[in-house]
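*Asks:* Heads up, the working numbering is the position in the sequence shown plus 9, with the first residue counted as 1.
Before we start, here is the structure in question, set down as structure tokens.
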Amino acid sequence: MIAPPSRRIIDGNVKLYEVADIAAHSVGTVDAARLRDFLDPRPVAPPRASSGSMEVDAERLAAWVAGRGEGERNRGLFWAACRLAENGVSPADALDALGAAAQSAGLGDREITTTVRSAYRAIQPASETASDGRSRNAGRWFGRSASPPSAALGRAGL
10 MIAPPSRRII
20 DGNVKLYEVA
30 DIAAHSVGTV
40 DAARLRDFLD
50 PRPVAPPRAS
60 SGSMEVDAER
70 LAAWVAGRGE
80 GERNRGLFWA
90 ACRLAENGVS
100 PADALDALGA
110 AAQSAGLGDR
120 EITTTVRSAY
130 RAIQPASETA
140 SDGRSRNAGR
150 WFGRSASPPS
160 AALGRAGL
């Protein structure tokens, strides 16, 4: 955009910008927000995967978690659970999908549950606690069963 007191280089010489003509018709106001968006566009977020492809991703994540060695297991489970939380998978479904894989990697039931719960708290902090500070999702962690992941091995679908 060129406006007074801008400077221009013409034929190697610096010259001040001068208004040559003013429009005879009325000029509207400048929408500052639209101008700012035009000059500095924000990146567009890629679309989320559909729920149909999420099952395949959960299986791939579970296989990846199962292959983690000592020193990588907990962090790997946390990372995989975060990916599922970001894609709208319920905590119970994430526990079903990743629980058996984490057990085969050598993690215990309590550690698996705690790690998945921590991942969901990190990704969805507002939905985790009610206004009185109590957990809203306490009943959702083992949504289909009141048992830990070891009892859900047959339902994990892996």
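All C-beta atoms, glycine included, are put in the ideal place defined by N, C-alpha and C.
1) Among all the DSSP beta bridges, which residues are the ones paired with Leu107?
2) Can you tell me whether Ile31 is helix, strand or coil according to DSSP?
3) Buried or exposed: where does Ala106 fall if 16 or more other Cβ atoms within 10 Å of its Cβ makes it buried?
4) Let me know if Pro108 comes out buried or exposed under the rule of 16 or more other beta-carbons within 10 Å of its beta-carbon.
5) When DSSP labels each residue in this structure, what does Gly142 get in the three-state scheme?
6) Just reading off the beta strand (DSSP E) that Val5 is part of, what are its end residues?
7) Please classify Arg119 as buried or exposed, where buried requires at least 16 other C-beta atoms within 10 Å of its C-beta.
*Replies:* Considering the structure as presented:
1) Note: Leu107 sits in no beta bridge, so no partner.
2) coil
3) buried
4) For the record, residue 108 in the displayed sequence is Gly; it is not Pro. Classification for Gly108: buried.
5) At Gly142, the pLDDT of 45 sits below 50, so the modelled position is not reliable and the matter cannot be decided from this model.
6) A query on residue 5 cannot be resolved here, the shown segment of the chain reaching from 10 to 167 and no further.
7) exposed
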